[in-house]
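Written as C-alpha cells, this is what we have:
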C-alpha cells in the first residue's frame with residue numbers, strides 16, 4: 001500500500017475544511033475530550049469534505065465510531081490498541097495505523113499487521129509532553145529496515161526544512177501538526193508542504 005507522503009493532523013472538521021481543498025490527500029483528525037454525539041458530528045463533517053476532495057480520512061482513537069461512519073483509516077496508540085477489537089476493524093474494511101516509540105512497541109505493532117507504522121517524536125515537539133526522547137533520523141532508518149514494505153510515518157517536530165532528511169532515512173510519510181496549525185498562515189504552509197513532498201508523491 002502506498003500512502004500520500006504528507007498528512008496534517010488536526011483537531012476539528014473545521015481544520016479539514018480549510019486544508020483539504022488545497023490538495024491534501026491524507027489527513028488525520030485527532031480530537032480529545034468530546035462527547036460521542038459531538039465526535040460523530042465532527043467525523044461526519046470531516047468525512048464529507050474528504051469524500052468531495054478524494055482525501056483519505058484517518059480517525060485517531062475512536063475506532064468504533066470510525067467503523068460506524070465508514071471511515072478509511074483508524075490510528076491507535078499503544079494503549080488504545082490493547083483495548084481495541086482489531087478483528088472488528090479489519091472486518092469493517094478499515095486500514096489500521098499504529099504509533100510506536102520504542103522496540104517493544106514496534107514488536108507489538110508489527111504483531112497486529114498494521115497498514116502503516118508511525119515513529120515519533122523524530123525531533124523535539126511542543127505538541128504534548130513525551131516520556132520518550134527525540135528519536136532522531138537514525139532511528140527512522142532502523143525502523144524502516146524492520147517494517148519492510150509497511151509504510152513508515154515520521155512524526156514529531158517536523159517542518160518543511162526537515163523533510164528531505166526524513167525521507168532520505170527511509171520514511172514514507174511525514175505527518176505534521178504544529179508547523180501548520182500554529183503557523184501564521186496555515187493554508188500557505190500547507191501548500192509549502194504539498195510542494196515540498198511532491199517528488200515523493
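In UniProt numbering, the protein residues as written are 1 to 201.
For each residue, glycine too, the CB sits at the ideal point set by N, CA and C.
Counting C-beta atoms within 10 angstroms of its own C-beta, residue 182 has fewer than 16 neighbours from the protein chains shown and is therefore classed as exposed. By the Cβ neighbour-count rule, residue 111 is exposed, with fewer than 16 other Cβ atoms within 10 Å of its own. In the DSSP assignment, residue 100 forms a beta bridge with 119. Taking a cut-off of 8 Å for Cβ pairs, the stretch 117-127 and the stretch 146-164 touch, as three or more such pairs fall below it. The shortest CA-to-CA distance from residue 175 to any of 187, 26, 46 is the one to 26. Boundaries for residue 199: no alpha helix (DSSP H) harbours it, and the DSSP string shows neither H nor E there. Secondary structure note for residue 155: its beta strand (DSSP E) is the uninterrupted segment 152-155. In the three-state DSSP reduction, residue 78 falls in the helix class (H, G or I). Residue 26 carries a strand assignment under DSSP once its states are collapsed to helix, strand and coil.
For residue 7, DSSP records a beta bridge to 175.
Apart from sequence neighbours up to five positions away, the residues of its chain that approach residue 44 with a beta-carbon distance below 7 Å are 69, ordered along the chain.
In its chain, beyond the 5 residues on either side, 151, 152 have a beta carbon closer than 6 Å to the beta carbon of residue 172. At a Cβ-Cβ threshold of 8 Å, residue 13 and residue 49 count as neighbours. Here residue 134 is not near residue 147, since their CB atoms are 8 Å or more apart. Within the same chain, and ignoring the five residues on either side of residue 92 in sequence, the residues whose Cβ sits closer than 6 Å to its Cβ are 67.
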